[in-house]
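**Student:** Below is one structure. I have some questions about it.
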Amino acid sequence: MARIGVFVCHCGENIGRTVDCHAVAEGCKDVPGVVHSVDYKYMCSDPGQQMVKKAIEEKGLTGVVVAACSPHMHEKTFRRAAAGAGLNAFLCEMANVREHCSWIHEDREKATVKAIDITRTIIEKVKHNVPLSTIRIPVTRRALVIGGGIAGIQAALDIADGGREVILVEKGPSIGGHMSQLSETFPTLDCSQCILTPRMVEVYQHPRIKLYAYSEVESVEGYIGNFKVTVRRKARSVDEEKCNGCGACTQVCPNKKIPSEFDCGLGKRTAIYVPFPQAVPNLPTVDRNKCLLFMNRAKGRPDTCKKCAEACEKGAIDFDQQDRLITEDVGAIVVATGYQLYTIGKDQPKDNLKGYGEYGYGTIPDVIDGLQFERLASASGPTSGKILRPSDGKVPKRIVFLQCIGSRDPQKGMEYCSKICCMYVAKHTMLYHHKVHDGVATVFYMDIRAAGKGYEEFSRRAIEEEGAQYIRGRVSRMWREGDVIKILGFDTLEGEPIEMDADMVVLATAMRPQPGIDVLAQKLSVSYDQHGFINEAHPKLRPVETNTAGIYVAGACQAPRDIPDAVAMASATASKVLGLFANEMLEREPTVARVDEGTCAGCFHCERVCAYGAVEHKDIKDRAGNVVRVIAYVNPGVCQGCGTCEATCPSKSVELQGFTDEQIWSEIQALGV
Amino acid sequence: MTKIGYFPGCSLHGLSREYEESLKAIVAGLDTELVEVDDWSCCGASSAHGTSHLLAVTLPARNLAIAESQGLPEVLAPCAACYARLASARHEIEGDTDLAGHVNRILVRDFKNTVKVRSILEVLKGQVATIKAKATNPLKDLKVACYYGCLLVRPVEVTGGYDDPEDPSSMEDICKAAGAVPVKWNRRLDCCGGGMSMSRTGSVVRLSAAILKDAKAAGADAVVVACPMCHSNLDFRQKAMQQRGAWEGDMPVLFLTQVVGLSMGIDPKTLGMGRHFVSTNSVMARTAGTGSGAGTGTNKATAVAGEVG
């Protein structure tokens with residue numbers, strides 16, 4: 316015979332204002348099986364929990380119902396209290412009379428009746444509860460980091476320094492990301508490469524980091540603690556073991572006029588190339604779309620040019636190299652795939668983004684974007700750090716910066732603020748001023764957003780000490796007359812239209828997630844927003860976790876981020892990963908599906924509907940070891956307890972523990988409908 | 161045959177008769193029938209919205225209400241100003257139930273605001289394939305500067321975004337279908353001076369001359385417009401520009417419908433090519449070889465020419 320205790324909480328005024336809690340406690344007393352029913356102002360407080368414990372011990376309760384808030388809020392609290400008094404935690408249930416009753420009703424009398432009904436349903440359910448025990452699953456204590464920019468580098472180093480192995484996968488031929496393209500960084504103007512390249516080398520030399528550059532994540536299976544990741548190692552056409560990085564191959568390659576991705580199209584590279592001198596790993600890669608040999612092969616012609624192979628003393632060039640698929644077991648994954656800049660020309664990847672044809676990007680050569688300016692200002696850039704405009708190589712004496720291009724524009728771009736542009740434009744005006752002393756830098760801005768340590772001071776310095784002309788307003792159109800760019804805009808402080816001439820224009824374009832982020836997110840089963848940014852589990856309290864357990868997010872793939880933000884996020888993910896790896900076993904809630912082996916017919920409808928891939932095949936063998944039947948088996952480590960399989964099973968052979976048909980049926984019966 | 165409501169407005173019956181003539185001449189070839197809005201009245205352009213907001217909404221609403229009662233799902237307003245007024249009124253009423261109630265009380269009608277307002281660009285853009293197929297007399301090598309002005313593609317909330325408001329391309333696409341070659345130029349969206357032609361002629365001369373100069377510098381043989389006001393400023397005011405030393409030379413200014421009509425081989429007279437202040441002969445010289453059997457277009461055109469003549 317069940318001995319149920321009912322504990323009704325007032326939640327201060329939250330429930331007590333609308334529901335007569337004492338009447339609820341009284342109303343539950345005559346329910347068969349209830350031996351104890353009380354109400355209290357704050358059941359979750361220490362005295363409240365003591366009431367629960369004391370009743371379990373003194374009255375020998377076999378089940379506990381707490382009529383209070385949502386189970387999301389305090390189920391753990393009361394289950395812990397029940398367990399403290401020696402009752403199996405899963406014999407304690409919450410009846411939600413706050414979110415489902417007091418908060419949404421006004422009529423006290425009716426709300427009280429409803430609260431009693433809700434509590435009675437849970438009493439009936441608890442009568443059918445059985446003791447369950449927490450599932451313990453092993454954890455593979457190695458991590459995968461996707462993306463080798465500053466966020467991925469930081470996460471990999473922190474995890475590896477914490478004593479765990481890391482697999483770092485980078486899509487491009489070298490790690491370093493966008494930070495390696497930058498000239499100097501705000502607000503300190505320290506050289507980006509000088510602070511980044513030592514970290515890149517550290518990654519390469521770290522005994523616990525395995526670097527897969529020029530590789531992509533092909534597929535991901537499994538669950539927290541037990542992911543199985545397949546990585547595609549794309550063919551570089553260069554044998555990594557033999558190559559010593561001498562660079563002789565790149566010297567002799569005849570195809571020298573390919574726009575360099577690293578220099579944002581402002582510089583040129585060869586078909587076999589190392590993206591930049593400090594690349595890690597320092598290995599050349601053959602661009603098979605541009606290499607003469609592969610272009611000939613694609614047309615079915617014989618191999619002609621093999622100059623790189625001839626120049627290589629080590630015999631490292633391997634034109635027949637194939638992509639390789641490598642499988643790695645990891646327990647946690649950090650996503651740090653970074654950003655791209657919004658293309659402001661006409662040719663947009665998505666139909667709803669029309670671009671900014673009125674600014675002439677892509678048609679006027681001297682209209683460039685922020686990253687291109689970084690390359691012009693960088694000592695390692697195509698102009699060796701001289702500010703020269705792309706069209707004729709002259710020094711621009713009048714340079715104009717336009718902020719918020721594609722950002723904060725719900726009509727044609729993104730509604731969000733890209734966060735970093737105010738700061739890097741201020742930096743650009745300074746870099747320009749330092750290099751072109753008699754030049755004038757003009758900035759069109761909407762407002763200056765300089766929230767960060769030393770940021771406001773930095774942008775004021777650009778205006779007050781470094782001579783940048785800031786005009787509040789937007790530019791409507793730009794066109795070219797001769798070698799001058801005509802700018803038509805509006806000064807919203809003066810209230811007047813402005814026409815001005817410029818020699819070069821830099822557009823601070825919006826930050827967007829990398830292309831293909833949606834495909835990767837789907838492989839990982841993590842959610843992303845309408846712009847493709849990966850969603851965090853909670854915007855305030857769980858900023859670096861995703862909604863899939865064991866997968867974390869760092870840097871600009873989550874939202875526009877500057878370097879300090881990206882690094883802080885990366886270190887946060889590392890601390891989360893190291894926390895997960897602190898124990899050999901991982902504890903999970905036992906509310907998972909279980910298959911009745913006696914009745915399962917092996918139709919595998921459940922397998923087809925399971926969104927988490929939790930259903931496996933299990934052989935039932937006779938004594939001689941012959942397989943007599945194949946039935947479904949739910950892997951408790953993967954199952955998320957959603958219950959879809961239970962609803963689908965034609966023979967009712969699957970049951971969700973803690974939510975069995977019997978329990979749900981009893982709840983419905985209690986309502987007397 | 162697609163039926164579409166037609167709101168001529170004052171200009172197409174007066175100042176810009178050639179716009180209506182050429183429009184009526186081409187629609188038959190485009191398998192479209194224009195159903196004129198019964199008893200239409202002024203759209204309120206220029207004067208109404210400077211006087212009273214309510215009047216500026218109610219005048220167009222009256223015309224839309226009549227179109228609605230005629231069972232017309234959409235109305236073509238070829239004049240850019242009419243288009244802007246009708247489309248703005250529709251947009252404002254749609255988002256404001258109080259205003260809708262007020263307008264209904266004034267109109268003494270149960271106006272449901274169901275009629276879509278279309279610009280000439282929107283309608284012809286949907287017919288680009290047909291225009292291309294019917295271009296028996298394509299305007300080979302005719303370099304045109306497509307001029308949008310202020311109201312045809314803006315603001316995007318009102319137009320519904322049928323074209324990019326800052327960098328549009330629909331007029332170029334239509335001209336290309338007619339065989340003409342649109343030039344790349346810079347002042348496609350500049351102000352021509354609009355309704356200031358009489359009150360501030362000096363401003364109109366300055367603004368319009370800058371537009372013509374840029375079109376000429378880009379190598380255009382003609383400027384193409386889709387607005388009677390733009391046409392009057394750019395065509396009629398060329399003489400004033402010359403007198404004030406702001407502009408030299410003669411730049412033919414054509415309506416978009418005339419360009420399409422010429423490509424269909426319709427008789428230039430039917431298209432009202434002779435009604436311009438600046439001679440269009442230089443354009444016609446480039447499209448010689450007219451009249452080589454332009455199918456239904458020619459027949460319809462002849463009929464209209466008869467009426468007008």
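Chains as they are written, first to last, in the numbering used here: chain C, 316 to 988; chain W, 161 to 469.
We put the CB at the ideal spot given by N, CA and C, even for glycine.
Please read these numbers as outputs of a predicted model, since none were measured by experiment.
#1: For a cutoff of 8 angstroms on Cβ pairs, would you count Glu326 (chain W) as touching chain C?
#2: Keeping to the same chain, check which residues put their C-beta closer than 6 angstroms to that of Leu803 (chain C); ignore five residues upstream and five downstream.
#3: Under 8 angstroms between C-beta atoms, does Gly721 (chain C) make it to chain W?
#4: Cα separation between Glu467 (chain W) and Thr658 (chain C)?
#5: Three or more C-beta pairs under 8 angstroms: does that hold for the segment 413–420 of chain W against the segment 378–392 of chain W?
#6: Can you confirm whether Gly865 (chain C), when its beta carbon is compared against all beta carbons of chain W, has any partner nearer than 8 angstroms?
#7: Are the CB atoms of Ala947 (chain C) and Gly917 (chain C) nearer to each other than 8 angstroms?
#8: In three-state DSSP terms, what is Val321 (chain C)?
#9: For Thr975 (chain C) and Thr652 (chain C), I'd like the C-alpha separation in whole angstroms.
#10: Using three-state DSSP, classify Arg938 (chain C) as helix, strand or coil.
#11: From Ser176 (chain W) to Val438 (chain W), what distance separates their C-alpha atoms?
#12: Please list, in chain order, all residues of the same chain as Gly685 (chain C) whose beta carbon is under 8 angstroms from its beta carbon, the five residues on each side excluded.
#13: Have a look at the DSSP bridge pairing and note the partners of Ser534 (chain C).
#14: Quick one: what does DSSP say Lys525 (chain C) is sitting in, helix, strand or coil?
#15: Is there contact here, the segment 547–558 of chain C with the segment 632–647 of chain C, by at least three beta-carbon pairs under 8 angstroms?
#16: Decide if Asn898 (chain C) is buried, meaning its Cβ has at least 16 other Cβ atoms within 10 Å, or exposed.
#17: Tell me whether Gln487 (chain W) is buried or exposed, calling it buried when 16 or more other Cβ atoms sit within 10 Å of its Cβ.
#18: Please look up how many angstroms separate the CB atoms of Pro298 (chain W) and Ser423 (chain W), rounded, as I've assumed it's under 8 angstroms.
#19: Using a beta-carbon distance below 8 angstroms, is Gln726 (chain C) in contact with chain W?
#20: Helix, strand or coil for Ala647 (chain C)? Go by DSSP, reduced to three states.
#21: Can you find the residues in the same chain that come closer than 6 angstroms, C-beta to C-beta, to Met433 (chain W), ignoring five residues on each side of it along the sequence?
#22: Measure how close the beta-carbons of Tyr527 (chain C) and Arg548 (chain C) come, nearest whole angstrom, since I'm counting them as under 8 angstroms.
#23: Could you tell me which chain W residues have their CB closer than 7 angstroms to the CB of Glu673 (chain C), listed as they occur along the chain?
#24: Kindly list, in the order they appear in chain C, the residues whose Cβ is closer than 9 angstroms to that of Val364 (chain W).
#25: With a 10 Å radius around its C-beta and 16 neighbouring C-beta atoms as the bar for buried, classify Trp980 (chain C) as buried or exposed.
#26: Which whole runs of the beta strand (DSSP E) in the segment 701–749 of chain C are 3 residues long or more, in chain order?
#27: According to DSSP, Trp418 (chain C) sits in a beta bridge with which residue or residues?
#28: Quick test of your reading: Glu234 (chain W) and Lys276 (chain W), contact by CB under 8 angstroms. State the CB separation rounded to the nearest angstrom.
#29: Using a Cβ-Cβ distance under 8 angstroms, would Val383 (chain W) count as near chain C?
#30: Take Arg857 (chain C) and list the residues in its own chain whose beta-carbon comes closer than 8 angstroms to its own, dropping the five residues that flank it on each side.
#31: Under a three-way DSSP split, which group does His436 (chain W) fall into?
#32: Between Met358 (chain C) and the rest of its own chain, which residues show a CB-CB distance below 7 angstroms, the 5 nearest in sequence each way excluded?
#33: DSSP state of Lys583 (chain C), grouped into three classes?
#34: If you draw a straight line from the C-alpha of Val907 (chain C) to the C-alpha of Ala777 (chain C), how long is it?
#35: Apply the 10 Å Cβ neighbour rule to Gln398 (chain W) and answer buried if 16 or more other Cβ atoms are within range, or exposed otherwise.
#36: Throw me the rounded Cβ distance for the Leu312 (chain W) and Leu281 (chain W) pair, which I believe falls under 8 angstroms.
**Tutor:** On the basis of the coordinates in this document:
#1: Residue mapping note: residue 326 (chain W) aligns to position 166 of the second sequence, counting from 1. Yes, contact with chain C.
#2: Sequence index remark: in the first sequence, residue 803 (chain C) carries index 488 (1-based). For Leu803 (chain C), where only same-chain residues beyond five positions count, the Cβ hits under 6 angstroms are Ser791, Arg792 and Glu814.
#3: Here residue 721 (chain C) is taken as the residue at index 406 of the first sequence, counted from 1. So, not an interface residue.
#4: Taking the first residue of the second sequence as 1, we reach residue 467 (chain W) at position 307. Taking the first residue of the first sequence as 1, we reach residue 658 (chain C) at position 343. Note that Glu467 (chain W) scores 38 on pLDDT, short of 50, meaning its location in the model is unreliable; the coordinates nonetheless yield the value given after this. In a straight line, the C-alpha of Glu467 (chain W) is about 53 angstroms away from that of Thr658 (chain C).
#5: yes
#6: The residue labelled residue 865 (chain C) in the question sits at position 550 within the first sequence. With 8 angstroms as the cut-off, Gly865 (chain C) does not count as an interface residue toward chain W.
#7: Against the first sequence, residue 947 (chain C) aligns to sequence position 632. Against the first sequence, residue 917 (chain C) aligns to sequence position 602. Yes, the pair counts as a contact, with Cβ atoms nearer than the cut-off.
#8: On the first sequence, position 6 is the one that residue 321 (chain C) refers to. Correct three-state label for Val321 (chain C): strand.
#9: Within the first sequence, residue 975 (chain C) is the residue found at index 660, counting from 1. Within the first sequence, residue 652 (chain C) is the residue found at index 337, counting from 1. Distance between the alpha carbons of Thr975 (chain C) and Thr652 (chain C) is about 42 angstroms.
#10: On the first sequence, position 623 is the one that residue 938 (chain C) refers to. Three-state result, Arg938 (chain C): coil.
#11: As a first step, residue 176 (chain W) is located in the second sequence; it is residue number 16 there, counting from the start. As a first step, residue 438 (chain W) is located in the second sequence; it is residue number 278 there, counting from the start. In a straight line, the C-alpha of Ser176 (chain W) is about 14 angstroms away from that of Val438 (chain W).
#12: By one-based count along the first sequence, residue 685 (chain C) stands at place 370. Answer for Gly685 (chain C): Leu656, Cys736, Tyr739, Val740, His743, Val821, Leu822, Ala823 and Thr824, listed in chain order.
#13: Numbered from its first residue, the first sequence carries residue 534 (chain C) at position 219. Answer is C:Thr545.
#14: Indexing the first sequence from 1 puts residue 525 (chain C) at position 210. Strand at Lys525 (chain C).
#15: yes
#16: Counted from its first residue, the first sequence places residue 898 (chain C) at position 583. Answer is exposed; the Cβ neighbour count stays below 16.
#17: Since the displayed chain W opens at 161 and closes at 469, residue 487 (chain W) lies outside it and no answer follows.
#18: Position 138 of the second sequence, counted from the start, is the residue given in the question as residue 298 (chain W). Position 263 of the second sequence, counted from the start, is the residue given in the question as residue 423 (chain W). The C-beta separation of Pro298 (chain W) from Ser423 (chain W) comes to about 5 angstroms, placing the pair in contact by the 8 angstroms criterion.
#19: Here residue 726 (chain C) refers to the residue found at position 411 of the first sequence. It does: the Cβ of Gln726 (chain C) has a partner Cβ on chain W nearer than 8 angstroms.
#20: Translated into positions along the first sequence, residue 647 (chain C) becomes position 332. Strand, per DSSP.
#21: If you number the second sequence from 1, residue 433 (chain W) lands on position 273. Thr440.
#22: The sequence position of residue 527 (chain C) within the first sequence is 212, counting from 1. The sequence position of residue 548 (chain C) within the first sequence is 233, counting from 1. About 6 angstroms; that satisfies the 8 angstroms criterion.
#23: Taking the first residue of the first sequence as position 1, residue 673 (chain C) is located at position 358. Simply Glu326 and Asp327.
#24: Along the second sequence, read from residue 1 onward, the residue named residue 364 (chain W) stands at position 204. The contacting residues do not exist; Val364 (chain W) stays about 17 angstroms from chain C at best.
#25: The count along the first sequence starts at 1 and reaches residue 980 (chain C) at position 665. With fewer than 16 Cβ atoms within 10 Å of its Cβ, Trp980 (chain C) is classed as exposed.
#26: 713–720
#27: Here residue 418 (chain C) is taken as the residue at index 103 of the first sequence, counted from 1. Answer by DSSP bridge pairing: none, since Trp418 (chain C) is not bridged.
#28: Taking the second sequence and counting its residues from 1, one reaches residue 234 (chain W) at position 74. Taking the second sequence and counting its residues from 1, one reaches residue 276 (chain W) at position 116. Between Lys276 (chain W) and Glu234 (chain W) the Cβ distance is about 4 angstroms, and since that is below 8 angstroms, they are a contact.
#29: Here residue 383 (chain W) is taken as the residue at index 223 of the second sequence, counted from 1. Chain C, which has no Cβ nearer than 8 angstroms to the Cβ of Val383 (chain W), makes this no.
#30: Position 542 of the first sequence holds residue 857 (chain C). Here the set comprises Glu851.
#31: Along the second sequence, read from residue 1 onward, the residue named residue 436 (chain W) stands at position 276. DSSP places His436 (chain W) in coil when its eight states are reduced to three.
#32: Locating residue 358 (chain C) in the first sequence gives position 43, where the first residue counts as 1. Phe322, Cys324, Val381 and Ala383, listed in sequence order.
#33: One-based indexing of the first sequence puts residue 583 (chain C) at position 268. It is a strand residue.
#34: As a first step, residue 907 (chain C) is located in the first sequence; it is residue number 592 there, counting from the start. As a first step, residue 777 (chain C) is located in the first sequence; it is residue number 462 there, counting from the start. Taking the straight line joining both Cα atoms gives about 59 angstroms.
#35: Residue mapping note: residue 398 (chain W) aligns to position 238 of the second sequence, counting from 1. It counts as buried.
#36: In the second sequence, the residue the question calls residue 312 (chain W) occupies position 152. In the second sequence, the residue the question calls residue 281 (chain W) occupies position 121. With a contact defined as Cβ atoms closer than 8 angstroms, Leu312 (chain W) and Leu281 (chain W) qualify at about 6 angstroms.
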